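Reviewing the structure listed below.
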Amino acid sequence: MRVLVPNLGSTSLKVQLLDMADETVIARGRIESIGSDRARLTFSREGGDATEELAAVADHRAAVEWLLARLGELEHGSADAIGAVGLKTVH
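Per the numbering used here, the very first residue in the sequence shown carries number 2; after that it's consecutive.
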C-alpha cells in the first residue's frame with residue numbers, strides 16, 4: 002500500500018509518498034514560503050536527484066495542487082494509487 006504523509010506548516014508544505022510493502026520512500030516534496038511570489042519548490046524521486054524551482058505559490062491549495070501534479074507524474078503515484086493519507090496536525 003502507498004501512503005501519502007503531508008506535514009503542513011503556516012508557510013510550508015512537506016510531503017512523502019511511502020511504499021509500505023517494502024517500507025521505502027517513493028518520493029519527497031517540499032514547498033517553502035507559501036504566499037510568496039518566490040516560493041522554493043523541491044521534489045525528488047526514490048534514487049533520483051532533487052529538482053528545485055522558484056515560483057509564485059499563492060496559498061496552500063496551490064501548493065497541494067503542485068505536489069499532486071508531481072506525484073501524478075510517477076508510476077503508481079497518482080491519487081488512485083494512494084491507499085491512505087497520514088496527516089499530522091498541531092493545535
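For each residue, glycine too, the CB sits at the ideal point set by N, CA and C.
The structure presented is a predicted model; accordingly, all values stated were derived computationally and were not measured.
Within the same chain, Cβ atoms closer than 6 Å to the Cβ of residue 57 are found at 38, the five residues on either side in sequence being excluded. Taking 9 Å as the cut-off, the beta carbon of residue 86 is found closer than this to the beta carbon of residue 5. The bridge partners DSSP lists for residue 14 are 9, 32. Counting the other CB atoms within 10 Å of its CB gives residue 91 a total below 16, which places it among the exposed residues. Between residue 70 and residue 55, the gap from beta carbon to beta carbon reaches 9 Å or more.
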